[in-house]
Amino acid sequence: MQFSAIRPKLLRTINVATVTTSSSPHHPSSVTTSKRAAEQRCLALFQDHTCNTFPKLAQTQTHILKLGLHNNPLVLTKFASTSSDLDAIDYASSFIFSPDADTRLYDTFLFNTIIRAYAQTSQSKERALYFYNAMLDYGVWANKFTYPFVLKACAGLRVLSLGQSLHGSVVKLGFDDDAHVQNTMIHMYSSCSGGIEFARKVFDGMPKLDSVSWSAMIGGYVRLGWSTDAIGLFRKMQMVGVRPDEITMVLVLSACTDLGALELGKWAESYIEKERVQKNVELCNALIDMFAKCGDVDKALKLFRNMSERTIVSWTSVIAGLAMHGRGFEAVSLFEEMIGAGVAPDDVAFIGLLSACSHSGLVEKGRKHFDSMAKKFKIVPRIEHYGCMVDMLCRAGQVKEALEFVKKMPIKPNPIVLRTLISACHAHGELKIGENITKQLIRNEPMHESNYVLLSNIYAKMSHWDKKTKIREVMDKKGMTKTPGSTMIELDNEIYEFVAGDKSQRQYKEIYEMVDEMGRELKRAGYAPTTSEVLLDIDEEDKEDALNRHSEKLAIAFALLNTPPGTPIRIVKNLRVCNDCHSATKFISKIYNREIVVRDRNRFHHFKEGFCSCKDFW
DNA sequence: GTAGGGTTAG
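Reading the first sequence from the start, the letters are residues 0 to 617 in numbering that gives the first Met the number 0.
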């Protein structure tokens, strides 16, 4: 990466000239006290508060200029380090490194402070590295405190080659035996794409691992979605006798959440209680998120109600959790309760709220809150927010309105929004429009498998069988592979994973017999397989067979075989549940008298006595 | 004087 390219951009952003002339001119007469005293007063000012809002920033800038301290690096570094506002840091660094600044004052501490300020603020990681390079250019030595900042910035940029060159510098300067540096190195490597092996190498080479090292490594696995490995590493950590702290437990819970492993999550909770791990807000938030996403949203709600201190993350987790379970009314009223409690919603909270409205058909509520976003809360809606709105209109069957909405959007619709529209066109008979949008989408995204599936489904509904067959050929020609659907289930502290047509389980013969029996019972109960969704070019009977071997059905058969009658079944799908599995599961819940809780990619389905909580909107 | 690992959505 070229950091030399950053400087001109940096200077443009800061625009030194404007700042200097628009504020009060610094005539010598306006400086009434001695420079030294002013410097002290100014430093004391920053001690008391952080300058992270714009009015405060402007005020402080004027103040600095009035006192004639605009070229005093000490004052300016302090200013930068107490601020989390990027403009403020830019302002400070532009003066510190301006041509008339006193370079004799440049030292390691000064650079470390500026680098830290940039490394801690999002969207300024490049600048942190730019000033690290500048530091070396000025002949100022980096010390062991410099590297955690620099490595953190590199982690944010996710560039492996850069990380490796920094690693080289660390070794050359002899800071590679410092625990803080090593731990940050694990974090840096595991954040860069393709860096996990390097992270593990650092981790394995460390003479003494503390809870931070373990957490850094576990966190790396969690970020990659390697949740089973993360849990495995946690078990190893316990075996070697390192006590996990609250951050380790946040990561463990995060892995449970990813797996949808409720039993494991409950175990983690009791472990926290037993080991008296400090339950801070972040840990409570992770617990709420885990319970909501592992299927027990009532427990999540209970934890939330018992919290003494809540952050926006706590509110958002529980709002999004309720939305995911189709409990939109409760989600919306909780959002309104939050506003009433004086907690300002952020962009993420709005996504939770809008998805709640969308999943529960609350169109008017959704529109009202969407309008309030910009007007009342000054949050500019992002494509995700527009996406929620499109989704909401489509689910409510207002396809024409959804199409109008997209036309009027100030942002270009992304493929996700287009796919939402296409599904709605398919469902509500706007086949010609759907076909056109899909063709356009395939031109933009030719390697995305689900675009072809959408087109195939549209052709099936139009009875254009020849065109439908052709799609399969196109997909084969392009060498596209379907993401295999898989379903997980937890049984006796063990996690079982099924893929379609799976024969790797020891019990597979019994499972397939059970699937066949289920098929017979389903037909007797009046269920008709939805074969039009099968993309393969095979005859109807084989299609039924393909549907019966869906991972979800295998997992349900496995659960019926291995759990006592009447107990609920919980399964986790990696993709969205297919139409056929959805209607079959409704029948299964009735025939076998089981409550079946399915988590798919988007939300939860609670099947009971032949009905699903999603009311067929999903 | 300065340092390490974490939670919400998509």
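Ideal Cβ positions, reconstructed from N, Cα and C, are used throughout, including at glycine.
With distances taken Cα to Cα, identify the nearest neighbour of A57 among A87, S83 and M372.
-> A87
Would you tell me roughly how many angstroms separate the C-alpha atoms of E520 and D501, rounded to the nearest one?
-> 22 Å
Given that a residue counts as buried once 16 or more other Cβ atoms are within 10 Å of its Cβ, and exposed if not, what is S92?
-> buried
Kindly indicate which residue of P344, L574, L321 and G339 has the alpha-carbon position closest to the one of C356.
-> L321
So, using beta-carbon positions, are I287 and S307 closer together than 8 Å?
-> no
Jot down the residue ranges of each uninterrupted alpha helix (DSSP H) in the region 414-491, minimum 4 residues, whole runs only, in chain order.
-> 414-426, 430-443, 448-461 and 464-476
Own chain residues within Cβ distance below 8 Å of K438, not counting five before or after | L454
From this set, H463, P380 and N492, which residue's C-alpha is nearest P409's C-alpha?
-> P380
Straight-line gap, C577 to S422 (C-alpha atoms, nearest Å) = 13 Å
Please report how far the alpha carbon of L546 lies from the alpha carbon of H447, in whole angstroms.
-> 22 Å
Any idea what DSSP makes of F603, helix, strand or coil?
-> strand
Have a look at A152 and R366 and give me their C-alpha separation to the nearest angstrom.
-> 39 Å
C-beta atoms of I595 and I568 nearer than 8 Å = yes
In chain order, which alpha helix (DSSP H) runs of at least 4 residues are fully inside the region 495-525?
-> 507-523
Of the listed residues E444, E400 and R442, nearest to C424 (C-alpha basis) | E400
Classify W140 as buried or exposed, calling it buried when 16 or more other Cβ atoms lie within 10 Å of its own Cβ.
-> exposed
What does DSSP give as the partner residues of I570 in its beta bridges?
-> I488 and V597
Can you tell which of F303, Y188, L263 and F108 has its C-alpha closest to the C-alpha of C293?
-> L263
Start-to-end residues for the alpha helix (DSSP H) that takes in T183 = A178 to S190
Note the first and the last residue of the continuous alpha helix (DSSP H) segment covering F557.
-> S550 to N561
Take the Cβ of G484 as the centre, count every other Cβ of all protein chains shown within 10 Å, and call the residue buried at 16 or more, exposed below.
-> buried
Limits of the unbroken alpha helix (DSSP H) element including A583 | N578 to I590
Touching by the beta-carbon criterion (3+ pairs, under 8 Å), the region 241-256 and the region 557-571 | no
Under the DSSP definition of a beta bridge, which residues are partnered with E493?
-> L490
Got a sec: does the ligand PLP put a non-hydrogen atom nearer than 7 Å to the Cβ of A116?
-> Annotation note on the ligand PLP: not contained in the displayed structure, which lists no ligands.
Cross-strand partners of F610 (DSSP beta bridge) | K607
Output the boundary residues of the alpha helix (DSSP H) element that contains E400.
-> V398 to K407
Exposure label - S316; buried when at least 16 CB within 10 Å = buried
Specify the secondary structure class of D86 as computed by DSSP and reduced to three states.
-> helix
Ordered along the chain, which non-local residues of its own chain (more than five positions away) have a Cβ less than 6 Å from that of E245?
-> V276, Q277, N279 and L282
Should S588 and K607 be called a contact, given that it needs their Cβ atoms to be closer than 8 Å?
-> yes
Under a Cβ-count criterion, where at least 16 other Cβ atoms within 10 Å of its own Cβ denotes burial, should G341 be classed as buried or exposed?
-> exposed
How many angstroms separate the CA atom of G167 from the CA atom of I63?
-> 40 Å
Whole-Å CB distance - L261 paired with D228, under 8 Å assumed | Not really, about 20 Å apart at Cβ, beyond 8 Å.
Going straight from the alpha carbon of I382 to that of R418, what length do you get?
-> 14 Å
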